[in-house]
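Contents: one structure, followed by commentary.
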Amino acid sequence: MSWELKSDRPIYAQLIEQLELQICSGVYPPGSRMPSVRDLAQEASVNPNTMQRALAKLEEDGLLYTNRTSGRFVTEDINRIRETKSKLAQEQIEEFLQKMTDLGFETGEILTIIKKITEELKK
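If you want it as structure tokens, here you go:
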């Protein structure tokens, strides 16, 4: 998986978002063991301390848990994963709506565009 990190926001916040996305999309399924901090840091080309900070936040949020002898694992709490998935979806929709509003579109126009695109995708 490619890590798309931008310089406009804190790296650790972007790592959290991308790890949440990977968990919600099933890259790391419920109950699965996470790669080590060093492996994840190397894969993302970041400092291990930064990756550790992101993983600690995900653990604090309940998406990960640590087994002292075996490493970090994805929660098996499907509801917690669904909540995170809904939160990510809401953030994406809010960002999209803000950009559309900034472009000068009104709610009706935005809904018309969405309907048209979803119909085209069904074909």
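As numbered in the numbering used here, residues 3 to 125 make up the sequence shown, in order. The C-beta atom is built at its ideal place from N, Cα and C for all residues, glycine as well.
Whole-angstrom C-beta distance between residue j and residue i, which should lie under 8 Å
i	j	result
L17	A56	4 Å
C26	L90	6 Å
E78	G33	5 Å
When the options are compared against residue i, the one with the closest alpha-carbon
i	options	result
M36	A58, N49, E93	A58
V6	I25, K89, A46	Reading off the sequence shown, one finds Glu at residue 6, where the question assumed Val. Of I25, K89, A46, the residue nearest in Cα terms is A46.
N81	T71, S72, G64, Q92	G64
T71	E62, S38, P50	S38
V48	S9, E62, I116	S9
Local Cβ density within 10 Å of residue i, reported as buried at 16 or more and exposed below that
i	result
T120	exposed
V76	buried
I13	buried
L60	buried
V29	exposed
CA-to-CA distance, residue j to residue i, given in whole angstroms
i	j	result
G110	Q94	19 Å
L99	Q20	21 Å
D41	K87	25 Å
Q44	D104	38 Å
T52	N69	21 Å
L113	I83	28 Å
R74	E108	46 Å
K101	K125	27 Å
G106	Q92	21 Å
K118	P31	34 Å
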